[in-house]
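Just below is one structure, and these are the notes that go with it.
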Amino acid sequence: METTEHQTVELPMDAVKLAIQKGNKSAMRQLLEELQPYDLGQIFFRLNGVYRRQFLDFLSPEKIAELVEEVEKAEQLEILSALPPEKLSRVLNRVPSDEMADLLEGLEEQKVQTLLKKMEQAEADKVRALLDYPGDTAGGKMTTEYISVYDHYTAEEAIQYLRQEAPTAETVYYIYVIDGDDRLVGVVSLRELLIARPDVPVREIMYERVISVPADMDQEEVAAILGRYDFLAIPVVDDENRLLGIITVDDILDVLIEEAQEDIAKLSAVGRTEKEVLTSPLASARRRIPWLMLLLFIGILTSRLVGYFEDTISQLTALAFFMPMVAGMTGNTGTQSLALVIRGISSGELTRDKYGRFILQQASVGLIIGAVCSLLIVGVLYGMENDLRLGIVVGFSLLLTLLIGTIAGTVIPLLLHFLKVDPAVASGPLITTLSDVFSLVVYFGIATLCLNFLL
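Quick note on UniProt numbering: the sequence shown kicks off at 1 and runs consecutively.
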């Protein structure tokens, strides 16, 4: 039985460096011919500056174009700036139009025009058309490398056209059908096209109810539609239903990963744009300080509140032992509810008409969790310390604070969303800190009221 490699390929870094040092093109070709574009990107990342430029000399324009798709914008520009003019032109013409548009977005206009002039006119025009759309919309994410046929084509004519256009197409699984005015009228799968009679018109085998998206639709909405219907690609149309391009599932996967990273950054209060691990320390600190200053003042408020209960703590020091546990548990339940709310809003499942029911559901969850945890802490304190009264006070406090934490973690992001503010800004540290305030006030408040019972 043949064995197959699993998960990752071991990169031949030493062999690559040796081939570069010796200028051995045939050895390099053998090393790289079966590697995936992702592996090329990983090799490029691990090479230092001198080796990187020499590594590019060994690669064909096709391989460099694949490499450009796998690296970040800074590395993309580094690669392109290292190429001689003739090779640069050949590489740019092989980079998919949507990837090229993403690369050029945000660059200085002079730099954009310089790179576009290196491309063939037809390819440059495709990229210019994509640059007209904001990068976070369907128009900004679509590719113009798709296959469409006219509705009067026969199945045989469509297959012949497919053979001609397939090498440059982003996907061949869906063939879009247009009329004489380039309006989208249907879609036919590759399978249906292959099994159809050669002389049957495409309009007779196409699926007319096409799910499409407008060019100005937000990328997250596009991702939700693709996920809902399990499509490999979705067409993008203008106001008159003319086909402009398609968005493939791999591009949307990148969007989902990017959005998830952004939401995690917000939840952690590290800033919306701080995605790079090795970002500038000054820039990273500047994004974090405003949040941390706010949390610092809330923390000071919490300390002052605890000070008001100094007499209670001095009379029963055992209360202080459970303060971190009560505050931590409350913050954890709040963060869990916050994560559920953000996931529900992002997926479109949690709409405004469901807010009330969802809040009640989460309150019930908080009550159940609180009841279980409070009974557990009562049992533990009674079993270990033989102190039922302290267990009852701590347990009842925990029940109320877990309920409060769950409701706070649910209501705050829902309120922000209702006010059209991104709910991810209700970050985990903020929910946790507010939960600390509520939990400690409730905990020591109940302990103060029950002090005679405890002593």
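In this text, a Cβ means the ideal position worked out from N, Cα and C, and glycines have one as well.
Would you identify the three-state DSSP class for L282, choosing helix, strand or coil? The answer is helix: DSSP assigns L282 an H, G or I state.
Using the three-state DSSP reduction, which class does S439 fall into: helix, strand or coil? DSSP places S439 in helix when its eight states are reduced to three.
Are the beta-carbon atoms of Y443 and T401 separated by less than 8 Å? The answer is yes: Cβ separation under 8 Å.
Thinking C-beta only, is L398 closer than 8 Å to G370? Their beta carbons are under 8 Å apart, which means G370 touches L398 by this criterion.
Return the first residue and the last residue of the beta strand (DSSP E) that T248 is part of. L243 to T248 is the extent of the beta strand (DSSP E) around T248.
Mind reading off the beta-carbon distance from G41 to E70? Whole number of angstroms is fine, and I expect it under 8 Å. The Cβ separation is near 3 Å, so the contact holds.
First through last residue of the beta strand (DSSP E) which encompasses Y174: Note, Y174: beta strand (DSSP E), Y174 to I178.
Cα-Cα separation between D251 and I446, rounded to whole angstroms: Their backbone Cα atoms lie some 54 Å apart in a straight line.
Determine whether the beta carbon atoms of V202 and D151 lie at a separation below 8 Å. Yes, the pair counts as a contact, with Cβ atoms nearer than the cut-off.
Contacting residues, own chain, Cβ-Cβ under 6 Å from A166 (five flanking each side not counted): Correct list, in chain order: V172.
So the candidates are C450, N48 and E78; which of them puts its Cα closest to the Cα of F396? Comparing alpha-carbon positions, the option among C450, N48 and E78 lying closest to F396 turns out to be C450.
Compare the beta carbon distance of L305 and V437 with 8 Å and say whether it is the shorter of the two. Against a cut-off of 8 Å, the Cβ pair of V437 and L305 comes out as a contact.
Cβ separation of V255 and I234, assumed to be a contact under 8 Å, to the nearest whole Å: So it is not a contact: roughly 12 Å between Cβ atoms.
Thinking C-beta only, is V187 closer than 8 Å to V210? Closer than 8 Å, so yes.
With a cut-off of 8 Å on the beta carbons, I'd call R94 and A129 a contact; round off their distance for me. Their Cβ separation, rounded to whole angstroms, is 18 Å, which puts R94 and A129 out of contact at 8 Å.
I need the boundaries of the beta strand (DSSP E) containing I234, first residue and last residue. It spans A233 to V237 - the beta strand (DSSP E) in which I234 sits, taken as one unbroken run.
Using only alpha-carbon positions, find the residue among K17, V91 and L31 that is nearest to V50. Nearest of K17, V91 and L31 to V50, Cα basis: K17.
Residue from N241, Q160 and A158 whose Cα sits closest to the Cα of R183: Per the C-alpha coordinates, the member of N241, Q160 and A158 positioned closest to R183 is N241.
Pairing CB atoms from the stretch 365-382 with CB atoms from the stretch 296-311, are three or more of them under 8 Å? No, the stretch 365-382 does not touch the stretch 296-311.
Nearest-angstrom Cα distance between T168 and G366? Going by C-alpha positions, T168 is about 55 Å away from G366.
Does the Cβ of I246 have 16 or more other Cβ atoms within 10 Å, making it buried, or fewer, making it exposed? I246 should be labelled buried.
Pairs of beta-carbons, one from the stretch 111-118 and one from the stretch 85-93, closer than 8 Å: are there three or more? With the cut-off at 8 Å, the stretch 111-118 and the stretch 85-93 touch.
Is the CB-CB distance between M13 and F58 below 8 Å? No.
Among E10, F45 and N48, whose alpha-carbon lies nearest the alpha-carbon of L31? If you compare the alpha carbons of E10, F45 and N48 with that of L31, the shortest gap goes to E10.
Give the secondary structure of Y308 by DSSP, where H, G and I count as helix, E and B as strand, and everything else as coil. In the three-state DSSP reduction, Y308 falls in the helix class (H, G or I).
Straight-line Cα distance separating A122 from L190: Near 27 Å, if we compare the C-alpha coordinates of A122 and L190.
So is E170 buried or exposed if we call it buried at 16+ other beta carbons inside 10 Å? By the neighbour-count rule (16 or more Cβ atoms within 10 Å), E170 is buried.
Going along the chain, which unbroken runs of the alpha helix (DSSP H) with 4 or more residues stay wholly within the stretch 70-106? Complete alpha helix (DSSP H) runs here, min 4: 73-81, 85-92 and 97-104.
What ranges does the alpha helix (DSSP H) occupy inside the stretch 380-418, keeping only unbroken runs of at least 4 residues that lie completely in it? Runs of the alpha helix (DSSP H) lying entirely within the stretch 380-418, each at least 4 residues long, are 388-418 in chain order.
Is the distance from the Cβ of V341 to the Cβ of P281 below 8 Å? With a cutoff of 8 Å on beta-carbon distance, V341 and P281 are scored as not near each other.
Hey, E156 and S97: beta-carbon distance below 8 Å or not? At least 8 Å separates the beta-carbon of E156 from that of S97.
When the Cα atoms are used, what is the spatial distance from I225 to F321? If you draw a straight line from the Cα of I225 to the Cα of F321, it comes to about 51 Å.
Nearest-angstrom Cα distance between T448 and V326? Between T448 and V326, the C-alpha separation is close to 16 Å.
Using the Cβ count rule (16 or more neighbours within 10 Å means buried), how would you classify T433? Classification of T433: buried, given that the 10 Å Cβ count is 16 or more.
Can you check which of these residues, F55, D102 and L243, is closest to I79 by C-alpha distance? That would be F55, whose Cα lies nearest to the Cα of I79.
Could you check the C-alpha separation between T143 and V249 for me, to the nearest Å? Their Cα atoms are separated by approximately 12 Å.
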